[in-house]
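Residues in the sequence shown are numbered consecutively from 1, following the working numbering.
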Amino acid sequence: MRWTAGLVALLFLFFGASIGFIGTAHQTAWMITSDKPLLKSSWGYKARAYQSDAKSSLRNIYLACKAYWADHGSDRSCNLNIAQTTTYSYIQSRDVVITAGGSEKEFHGIAGHLRDNGWFMINPKGEIEEIKESDSGS
């Protein structure tokens with residue numbers, strides 16, 4: 001009787017292990033041959049972070065220039081070099097390419113992140129918009 005119970009328990013163990021192995025093998029083969037990616041790409045999150053960095057740089061240089069115009073008059077031209085002085089404290093983000101300048105009424109700027117294809121512009125009101133391909137003249 002003891003041998004029979006042990007044998008039955010062993011058979012159940014082997015049966016459970018084989019079902020688990022077959023299920024694992026099937027799932028692995030299904031994931032490898034699937035057209036869908038195994039893991040969702042995090043590129044969407046990275047792209048938004050890069051774009052946020054570019055837009056933040058535009059906003060910060062605009063605010064630094066607003067402080068400059070408050071000190072020196074709105075008809076004076078502000079640019080990247082002025083905004084980066086210790087008085088106005090604009091700090092250039094390492095991976096953002098930016099150009100900006102002009103008087104308060106004519107201020108404009110363009111920025112983009114080196115790891116993203118998105119480009120953004122800021123107008124004299126401080127409004128930031130994405131530059132679409134049709135906007136760039138291509």
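Each residue gets a CB set at the ideal place from its N, CA and C atoms; glycine is no exception.
Let me know if residue i comes out buried or exposed under the rule of 16 or more other beta-carbons within 10 Å of its beta-carbon.
i: Trp119; result: buried
i: Asp116; result: buried
i: Ile26; result: What sits at residue 26 in the sequence shown is His, not Ile. So His26 ends up on the exposed side.
i: Tyr50; result: buried
i: Ala64; result: buried
i: His108; result: exposed
i: Tyr45; result: exposed
Counting only the same chain and skipping the five closest in sequence on each side, list residues whose C-beta sits under 7 Å from that of residue i.
i: Ser138; result: Reliability of the predicted coordinates at Ser138 is poor, the pLDDT of 48 falling under 50, and no value is obtained from them.
i: Glu106; result: Pro124
Would you grab the beta carbon distance between residue i and residue j for me? Rounded to a whole angstrom, and I think it's under 8 Å.
i: Tyr62; j: Ile82; result: Incorrect: roughly 13 Å between the Cβ atoms, too far for contact.
Could you name the residues of the same chain whose beta carbon sits closer than 8 Å to that of residue i, not counting the 5 residues immediately before and after it, in chain order?
i: Arg76; result: Tyr68, Trp69, Ser103
i: Leu139; result: There is no way to answer for residue 139, as the model of the chain reaches only from 1 to 138.
Got a sec? Which residues, its chain only, sit under 6 Å from residue i by beta carbon, not counting five neighbours each side?
i: Gly126; result: Tyr62
i: Gly112; result: Ala54, Val97, Trp119
i: Cys78; result: Cys65, Tyr68
i: Ile91; result: none
On the three-pair Cβ rule with 8 Å, is the region 42 to 58 touching the region 104 to 124? yes
At least three beta-carbon pairs within less than 8 Å, the region 55 to 72 to the region 85 to 98: By the criterion of at least three beta-carbon pairs nearer than 8 Å, the region 55 to 72 is in contact with the region 85 to 98.
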